[in-house]
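Residue numbers (the UniProt record's numbering): 1 to 344.
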């Protein structure tokens, strides 16, 4: 009897403890849920950093490598980027941008199901702006690298998604973007917190149409029929002034500063200068943008031969504008639209 009592007592204590532990085993310090706009704005900020920063490599910035490959800039110290490219460099685009956009849309959709009284048009606008950013991000990947993981890229259970055909992806992106632009209803609001357009649906619609124009022009030679159709539909709604620019503003103090300032000024990077093919062309044209893009060397703009290890001080480094923490990062601007319209 005594032994039975002891066993029963132990069982009772363990059972009570397990119930108590379930109540206590709650992480009260770290966030387990977040609002949709937090994921949305984080994705935009991360994309801004990836488009502007110059760090590259296994955990770096994939788009900086494209600037090297296009011979706009050159690395005077390291050959990576000019001679080879890391397979892992674009992982931050998927994890830092696309996954956060996917989470944002998931939260919006869950809220729509949970609250039938919520403004459906506002939520549709939010989903449409998320879709515009998804297309923008995927388009930059395809334009930079060709075939990429796409159809299975955001499946967390698929650790090795296949690479989809670039042309097929691009055609799908155009369809998605046209649908997103059509879903944007300017009679209602979208986000209360939006670091790109402050929730202005009309500006998001202009951004979407301007992106359609740009993407349409990208395929003008390979698929002129589709390009003409896309461009014709976009033309009435593109940017009409500098007030429409899609750009991310920055603050003067970390962590919301321009990533290029972080790399150049804070990190004191001394390994990137203008590339000779790019600067020589600008010199021939006496391009007035030279003084913005680069700093002169004894009154001249001098580019480094791509891929060669040379003296940093002998060549034109990034312009002073890029050493400012508050310099904006432009996703798409009015000047680009005007160039595209002139070419179209």
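Using N, Cα and C, we set each Cβ at its ideal position, and we do this for glycine too. Since the model is a prediction, treat every value here as computed from it, not as a measurement.
Less than 7 Å between the C-beta atoms of residue i and residue j, yes or no?
i: residue 101; j: residue 134; result: yes
i: residue 128; j: residue 209; result: no
i: residue 303; j: residue 276; result: yes
i: residue 336; j: residue 258; result: no
i: residue 54; j: residue 185; result: no
i: residue 216; j: residue 227; result: yes
i: residue 248; j: residue 310; result: no
i: residue 149; j: residue 138; result: no
i: residue 294; j: residue 316; result: yes
i: residue 105; j: residue 130; result: yes
i: residue 180; j: residue 132; result: yes
Excluding five sequence neighbours on each side, which residues of the same chain lie with their C-beta closer than 6 Å to the C-beta of residue i?
i: residue 170; result: 142
i: residue 220; result: 227
i: residue 384; result: As displayed, the chain neither begins before 1 nor continues past 344, which places residue 384 out of reach and without an answer.
i: residue 341; result: none
Quick one: is residue i buried, meaning 16 or more other Cβ sit within 10 Å of its Cβ, or exposed?
i: residue 68; result: buried
i: residue 159; result: exposed
i: residue 43; result: buried
i: residue 339; result: exposed
i: residue 62; result: buried
i: residue 115; result: exposed
i: residue 242; result: exposed
i: residue 281; result: exposed
i: residue 343; result: exposed
i: residue 11; result: Low per-residue confidence applies at residue 11: pLDDT is 46, beneath 50, and the placement is therefore not dependable, though the value from the model is reported in the following sentence. Flag for residue 11 reads exposed.
i: residue 126; result: buried
i: residue 301; result: buried
i: residue 292; result: exposed
If residue i sits next to residue j, beta carbons under 8 Å apart, how far is it from one beta carbon to the other, in whole angstroms?
i: residue 121; j: residue 273; result: Not confirmed; about 50 Å, so no contact.
i: residue 332; j: residue 207; result: 6 Å
i: residue 334; j: residue 244; result: 6 Å
i: residue 225; j: residue 205; result: The Cβ separation is near 25 Å, so there is no contact.
For residue i, which residues in the same chain have their Cβ closer than 7 Å to its Cβ, ignoring the five residues on either side in sequence?
i: residue 323; result: 261, 264 and 265
i: residue 193; result: 37 and 41
i: residue 218; result: 143
i: residue 267; result: none
i: residue 234; result: 209, 212, 213 and 216
i: residue 199; result: 189, 190, 191 and 192
i: residue 196; result: 44, 246 and 248
Among the residues of its own chain, which have a CB less than 8 Å from the CB of residue i, if the five just before and after it don't count?
i: residue 112; result: 118, 120 and 123
i: residue 154; result: 94, 98, 99 and 102
Can you check DSSP and say which residues form a bridge with residue i?
i: residue 329; result: 248
i: residue 274; result: 73
i: residue 163; result: 149
i: residue 318; result: 294
i: residue 215; result: The partner list for residue 215 (beta bridge, DSSP) is empty, contrary to what the question assumes.
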